[in-house]
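*Asks:*
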Amino acid sequence: KQWYQRRVRGKNQLATSSWDKTIRLWDIERGISCPMTGHGDVVWSVSFNPTSPNILASVSRDLNTAIWDTRMAGRVACLSDVPVNMNCIKFSPDGTKLVSGGSTSTLLLRETSNLGHVMRHTSGHKGRITSLSFTGCSRYMASAGSGGFVNVWDTCQINDDVDKLSNLLNCTAVFGQ
Numbered sequence: 273k274q275w276y277q278r279r280v281r282g283k284n285q286l287a288t289s290s291w292d293k294t295i296r297l298w299d300i301e302r303g304i305s306c307p308m309t310g311h312g313d314v315v316w317s318v319s320f321n322p323t324s325p326n327i328l329a330s331v332s333r334d335l336n337t338a339i340w341d342t343r344m345a346g347r348v349a350c351l352s353d354v355p356v357n358m359n360c361i362k363f364s365p366d367g368t369k370l371v372s373g374g375s376t377s378t379l380l381l382r383e384t385s386n387l388g389h390v391m392r393h394t395s396g397h398k399g400r401i402t403s404l405s406f407t408g409c410s411r412y413m414a415s416a417g418s419g420g421f422v423n424v425w426d427t428c429q430i431n432d433d434v435d436k437l438s439n440l441l442n443c444t445a446v447f448g449q
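Rendered as structure tokens:
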């Protein structure tokens, strides 16, 4: 099996996403895992909610974002309103926001109090989004893309013309020089 991405929760658990359409919840101390199934294709990324440690989010090539409760190793919600294949997912440090990044430069930002509603939708990259990160205060978010760009977003501001995130900074990363 090829494990794709890891997110550590607490001191003894780990969640992994995989090409075999599963998420595995690992007990690191005992070396055992529990599979969680429900996606119909490759699971690209997982993220634990830092303020609700039993809640896990995942994105898959099946165009679904899933919310899981690790206490019962089961899916509690499936958000099927995802317009494109999402590659990465991340909860904000305060647990109030969930962002996912897609293969067509799409970012979807949701409030965790109303996951069924996309709060912000934007596309500010030239290629697929490969990584997401929040600042400690949860207001600012960075997204990195395959086009060599890192964008910094203010998650609390809306562009007046359309319901989009405000892009504060767009910078080109230079690699290998």
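Just so you know, we're using the numbering used here here: the sequence shown kicks off at 273 and counts up by one.
Cβ coordinates follow ideal geometry from the N, Cα and C atoms, glycine included.
1. Please confirm whether serine 317 and serine 352 have their CB atoms less than 8 angstroms apart.
2. One question on the structure: do valine 314 and serine 330 come within less than 8 angstroms of each other, judged by their Cβ atoms?
3. On the DSSP bridge assignment, give the partners of proline 307 in chain order.
4. One question on the structure: do glycine 374 and methionine 358 come within less than 8 angstroms of each other, judged by their Cβ atoms?
5. Please confirm whether leucine 404 has its beta-carbon closer than 8 angstroms to some beta-carbon of chain C.
6. As a quick exercise: from Phe320, Thr309 and Gln285, pick the residue whose alpha carbon is nearest that of glycine 303.
7. Between which residues of its own chain and glycine 448 is the CB-CB distance below 7 angstroms, once the five residues before and five after are set aside?
8. Suppose the cutoff is 6 angstroms on Cβ atoms and the five residues either side in sequence are ignored; what does the same chain contact list for cysteine 428 look like?
*Replies:* Working from what's here:
1. No.
2. Contact: no.
3. The partner list for proline 307 (beta bridge, DSSP) reads Arg296.
4. Annotated as proximal: glycine 374 and methionine 358, with beta-carbon spacing under 8 angstroms.
5. The structure shown contains no chain C, having only a single protein chain.
6. When only C-alpha atoms are compared, the closest one is Gln285.
7. With a pLDDT of only 40 at glycine 448, under the threshold of 50, the placement of this residue in the model should not be trusted; the figure read from the coordinates follows. Closer than 7 angstroms at Cβ, skipping near neighbours: no residue.
8. For cysteine 428, same chain residues with a beta-carbon under 6 angstroms away, outside a window of 5 residues either side, are Arg411 in chain order.
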